[in-house]
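Notes follow once the structure below has been shown.
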Amino acid sequence: MSKRRGTNDGPVNGGGDTPLVPSAALQQYRDTEGHFSLVRNFRLADLVTIANGICGSFSVFMSAKYLLTNKEDHLWSALAFPLAGLIFDFLDGKVARWRKETSMLGQELDSLADLISFGVAPALLAFAVGFRTYLDTVILTGFICCGLARLARFNATVALVPKDAKGKAAYFEGLPIPSSLALVGLLTYWTKQGWIAGKEGLPLGTITLWGHPGGDGDLHVFSIVFGLWAAAMVSKTLRVPKL
1 MSKRRGTNDG PVNGGGDTPL VPSAALQQYR DTEGHFSLVR NFRLADLVTI ANGICGSFSV
61 FMSAKYLLTN KEDHLWSALA FPLAGLIFDF LDGKVARWRK ETSMLGQELD SLADLISFGV
121 APALLAFAVG FRTYLDTVIL TGFICCGLAR LARFNATVAL VPKDAKGKAA YFEGLPIPSS
181 LALVGLLTYW TKQGWIAGKE GLPLGTITLW GHPGGDGDLH VFSIVFGLWA AAMVSKTLRV
241 PKL
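Note that UniProt numbering gives residue 156 to position 156 of the sequence shown, counting from 1, and the numbers run on in steps of one.
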């Protein structure tokens, strides 16, 4: 999650430069007409943010191709794209401050791109490597939705979080959604070791909470970690210092 954040009563620029009143920030979208006026209003930082979203989208499609073809090259590509997304997520804030230009549109783009690259893509990667029981998919859906809620809360409440000397939020409330790359890294290690569906199977196996083995009551033990991660993202009391 980059630092391209603004507030309703402060600067839109995450670097704390020239204050921009929201009504004035929105005026640029009213003053331009035409089919592609939205594209003309993109800043360089916005394009970097969109590159983050592109990486997340490619990861999703590569996971789908792996499920359809069982070709491991597609899985490795799916595992690599979220990391590329993190690089763009880091760069967009740097570019915005370097160019001294940010926008309210960029703030929303940043959160939406993060949801794809660090919410949807890791969940589908988990499904691809073997978290495929009914209860697994319930937990993975919760993981995505908690990431969505966490990003929405950040956008809405960042103005209330104490600031450091540079005017940036001093800490994150709850785990930032890019932290899910730690889970992607773990899935990458499992893939290298062959601990995935179709090979040796996922570590720790499954437990049956109800019914018979192989039914809807099956749950991969490690999917509980995804559930705990989701809870940590929406936690109000967990405060993660910014580096």
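We put the CB at the ideal spot given by N, CA and C, even for glycine.
**Study point:** Cut-off 6 angstroms between Cβ atoms - residues of its own chain near Cys146, not counting five sequence neighbours on either side
**Key:** Ala230, Met233, Val234
Point to revise | Euclidean distance between Cα positions of Ala84 and Asn52 | key: 7 angstroms
Practice item. Report buried or exposed for Gln193, applying the criterion of at least 16 other Cβ atoms within 10 angstroms of its Cβ. Key: exposed
Review point. On the three-pair Cβ rule with 8 angstroms, is the stretch 137-157 touching the stretch 204-217?
Key: no
Review point. From Gly215 to Leu75, what distance separates their C-alpha atoms?
Key: 26 angstroms
Point to revise | Leu79 beta carbon less than 8 angstroms from that of Val184 | key: yes
Review point. Can you tell me whether DSSP reads His212 as helix, strand or coil?
Key: coil
Exercise for review: Can you have a look at Ala128 and say buried or exposed, based on whether 16 or more other CB atoms are within 10 angstroms of its CB?
Suggested key: buried
Check your understanding: Is it buried or exposed for Glu173, if we count other Cβ within 10 angstroms and need 16 for buried?
Key -> buried
Practice item. With a 10 Å radius around its C-beta and 16 neighbouring C-beta atoms as the bar for buried, classify Ala156 as buried or exposed. Key: exposed
Practice item. Note down the Cα distance separating Ser179 from Phe118, rounded to an integer number of angstroms. Key: 8 angstroms
Point to revise | Residues of its chain near Leu238, where Cβ-Cβ distance is below 8 angstroms and the 5 sequence neighbours each way are ignored | key: Glu173, Gly174, Leu175, Ala232
Review point. Measuring CB to CB, does Leu140 end up less than 8 angstroms from Ser59?
Key: no
Check your understanding: Going by beta carbon distance, what residues of the same chain come within less than 7 angstroms of Lys65, once the five residues before and after it are set aside?
Key -> His74
Check your understanding: Among residues of its own chain, excluding the 5 on either side of Leu44, which ones have a beta-carbon nearer than 7 angstroms to its beta-carbon?
Key -> Val95, Arg99
Review point. In chain order, what residues of the same chain lie with their CB nearer than 6 angstroms to the CB of Pro241, ignoring the 5 residues before and after it?
Key: Tyr171
Practice item. Helix, strand or coil for Thr49, going by three-state DSSP, please let me know. Key: helix
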